[in-house]
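Below you'll find the structure, written out as structure tokens, and then a few comments.
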Amino acid sequence: MNAFIDPFVPAQIGRLMERYGSPLLILDCERVRQQYLALGRALPGVELHYALKPLPHPAVVRALDPLGAKFDLATGGEIALMRGLGIAAARCIHTHPVKRDRDIREALDFGIDTFVVDTAEEISKFVPYRERAGLLIRLSFRSPDAVVDLSRKFGCGPQRVPELLQHAREHGVRVRGLSFHVGSQAIDPAKYVEAIRVCAELCSQAQEDGLGVFDILDIGGGFPVPYRSPESAPAADGQGAVARAVPPIEEFCAPIRAALRALPSQVRIIAEPGRFIVAPAAIGVATVMGRAYREGRWWYYLDDGVYGLYSGKHYEHAVYPIEALNRKGPMQISVLSGPTCDSIDVIDDSIELPDLQIGDCVVGRVMGAYTWATACEFNFFPKPTVVSVNLQPGDEGTVLPIVASNNV
Ligand SMILES: *Cc1c(COP(=O)(O)O)cnc(C)c1O
């Protein structure tokens, strides 16, 4: 039967666990494609480069490849992944602002020609390769309300752009445009609007000063996803911004679309969405290994925890919707714990669950981004197996080999 299956329904989850064991990250490639297409409709004319960082997995790349997607890479491991899958370098940009010479050479050897810098020293690193590389200057706009403020670590203030352009010109290095990243899981599109406005001004100023004509503006990633259904997500629950309700992407992007219309027509607009593409496309499935009644609460010990898919709990205060699979009954406040012998390995110490038995399954939703990617094998508990489904119609579950790692 060449139909797509829904891997998020209980019967399918049970079937996949029987076949592939536990714990699992179940990735629905059809949902990956739907997310990509939805963002494309919300940002017409913007070239989407999927940022590999939130889920650098071959299944995501293979799902997006036939749609003509482009890719945003930052490391040699990510380059190796693209090489292994036969993705053309012309579809990739390299956006790590801080690079060693060998990182630059690795990317150039693959064939990438667009890079990101944010200091004069970083520009100087391109002098030996100036014939082969065009640069984007990354700007920083502080974003205290983004869950992950990426403008503290990277980017230069807008007022520094003229001197960086001057420096590039003196060294014969070509600057093609500007880039920014408002911060991951951005809550307010006003950040993009303000950044685009400043970039438009810098564009015309550079042209007036004879410092160059930009032809690329990269508006970064950050597009948000709803981590909890709006009815269960009061912003005042103290859980941080990830738990807040977010508008549909079409609505979120409306002011961004309007702001982009003010740019000169020669400027190609690109974006680097990560989380938005993969977060809703995957669920985490774990199994109760044991249980204990302690100080008035049931503790359930899962085979996955904060050193696994739930690593986002600590790195970005993510609050995933969690439910018990196939177990009903009165709900009681319980503790959901990870498997390692470490006391911080607790997923939630106050969660409503039915009475769970050993062998029961627990499902976390919206778990595609910054989960498997940031998991480690602490205590030698292996990372959850990634099972992708719907790579093509009729694909009922595939475990693809990991074609790259940190130490290629
Ligand atoms: C992490 C990152 C992204 C992806 O950000 P999301 O918030 O996941 O969309 C894009 N670009 C750069 C440079 C990044 O570091």
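Each residue of the sequence shown is one higher than the one before, starting from 36 at the first, in the numbering used here. Backbone N, C-alpha and C define an ideal beta-carbon position, used for all residues, glycine too. Small disclaimer: the values here were computed from a predicted structure and weren't measured.
Beta-carbon proximity list for L391, same chain, < 7 Å, skipping 5 on both sides: Sequence index remark: in the sequence shown, residue 391 carries index 356 (1-based). V323, R326, Y335, A359 and R362, listed in sequence order.
Contact test: T130 Cβ vs ligand 1 heavy atom, cutoff 7 Å: Stepping through the sequence shown from its first residue, residue 130 is reached at position 95. Flag set: Cβ of T130 near ligand 1.
Segment limits, beta strand (DSSP E) that includes L337: Numbered from 1 along the sequence shown, position 302 holds the residue referred to as residue 337. First-last of the beta strand (DSSP E) with L337: R332 to L337.
7 Å CB neighbourhood of A408 in its chain, flanking five on each side removed: Sequence index remark: in the sequence shown, residue 408 carries index 373 (1-based). These residues qualify, in order along the chain: K88, P89, L90 and P91.
Cβ-based neighbour list, V320, same chain, cut-off 7 Å, excluding 5 preceding and 5 following: Position 285 of the sequence shown, counted from the start, is the residue given in the question as residue 320. So the list reads I48, M52, S57, P58, L59, I61, C396 and V398, once near-sequence residues are dropped.
Candidates E156, Y164 and R296, of which the one nearest I172 by Cα: For the purposes of this step, residue 172 is taken as the residue at position 137 of the sequence shown. Ranking the options by Cα distance to I172, first place goes to E156.
Spatial distance of V445 from A38 (CA atoms): Residue 445 lies beyond the residue range present for the chain, which begins at 36 and ends at 443; the question has no answer from this structure.
K105 CB to nearest heavy atom of ligand 1 below 7 Å: Taking the first residue of the sequence shown as position 1, residue 105 is located at position 70. Incorrect: K105 has no Cβ contact closer than 7 Å to ligand 1.
Secondary structure of Y355, DSSP reduced to three states: Counting from 1 along the sequence shown, the entry for residue 355 is found at position 320. Coil, per DSSP.
Closer than 7 Å: P419 CB and nearest ligand 2 heavy atom: Among the ligands in the structure shown, ligand 2 does not appear; only ligand 1 can be found there.
Per DSSP, cross-strand counterpart(s) of S372: The residue labelled residue 372 in the question sits at position 337 within the sequence shown. Answer is Y336 and V381.
C-beta contact flag for L213 and L237 at 8 Å: Here the question's residue 213 lines up with position 178 in the sequence shown. Here the question's residue 237 lines up with position 202 in the sequence shown. Going by C-beta atoms, L213 is nearer than 8 Å to L237.
Which of helix, strand or coil DSSP assigns to M324: As a position in the sequence shown, residue 324 is number 289, starting the count at 1. M324 falls in the strand class under three-state DSSP.
Residues near Q234 in its chain [Cβ-Cβ closer than 6 Å; skip 5 each side]: In the sequence shown, residue 234 corresponds to position 199, counting from 1. Residue identity check: residue 234 is Cys in the sequence provided, not Gln. Same-chain partners within the cutoff: L213 and L252.
Contact the segment 67 to 78 vs the segment 284 to 298: 3+ CB pairs below 8 Å: yes
Sequence ranges, alpha helix (DSSP H) only - wholly within the segment 110 to 140, length at least 4: 111 to 120
Same chain, Cβ closer than 7 Å to D384, neighbours up to 5 away in sequence not counted: Taking the first residue of the sequence shown as position 1, residue 384 is located at position 349. Here the set comprises V370.
Check: G309 C-beta below 7 Å from any heavy atom of ligand 1: In the sequence shown, counting from the first residue as 1, residue 309 sits at position 274. Checking the Cβ of G309 against ligand 1 gives yes.
Anticipated Cβ contact below 8 Å, I312 with Y71, distance rounded: Walking along the sequence shown from the start, residue 312 turns up at place 277. Walking along the sequence shown from the start, residue 71 turns up at place 36. Yes, they are in contact, since the Cβ atoms of I312 and Y71 sit about 5 Å apart, within 8 Å.
Same chain, Cβ closer than 8 Å to A104, neighbours up to 5 away in sequence not counted: Residue numbering aside, residue 104 sits at position 69 when the sequence shown is read from its first letter. Within the same chain, A104 has close Cβ partners Y71, L83, H84, Y85 and R126.
Identity of the residues DSSP links to Y164 by a beta bridge: Taking the sequence shown and counting its residues from 1, one reaches residue 164 at position 129. The partner list for Y164 (beta bridge, DSSP) is empty, contrary to what the question assumes.
Buried/exposed call for S346, threshold 16 Cβ in 10 Å: Along the sequence shown, one-based indexing puts residue 346 at 311. Its Cβ being crowded by 16 or more others within 10 Å, S346 is buried.
Bounding residues of the beta strand (DSSP E) (the contiguous stretch that carries I304): Counted from its first residue, the sequence shown places residue 304 at position 269. Counting along the chain, the beta strand (DSSP E) containing I304 begins and ends at R303 to A306.
CB-CB length for F150 against L174, believed under 8 Å: For the purposes of this step, residue 150 is taken as residue 115 along the sequence shown, with counting starting at 1. For the purposes of this step, residue 174 is taken as residue 139 along the sequence shown, with counting starting at 1. That pair is no contact at about 15 Å.
Contact test: F287 Cβ vs ligand 1 heavy atom, cutoff 7 Å: Here residue 287 is taken as the residue at index 252 of the sequence shown, counted from 1. No, ligand 1 has no heavy atom inside 7 Å of this Cβ.
Delimiting residues of the alpha helix (DSSP H) encompassing F311: The sequence position of residue 311 within the sequence shown is 276, counting from 1. It spans R310 to V313 - the alpha helix (DSSP H) in which F311 sits, taken as one unbroken run.
S214 in three-state terms, based on DSSP: Indexing the sequence shown from 1 puts residue 214 at position 179. Of the three classes helix, strand and coil, the one that applies to S214 here is strand, per DSSP.
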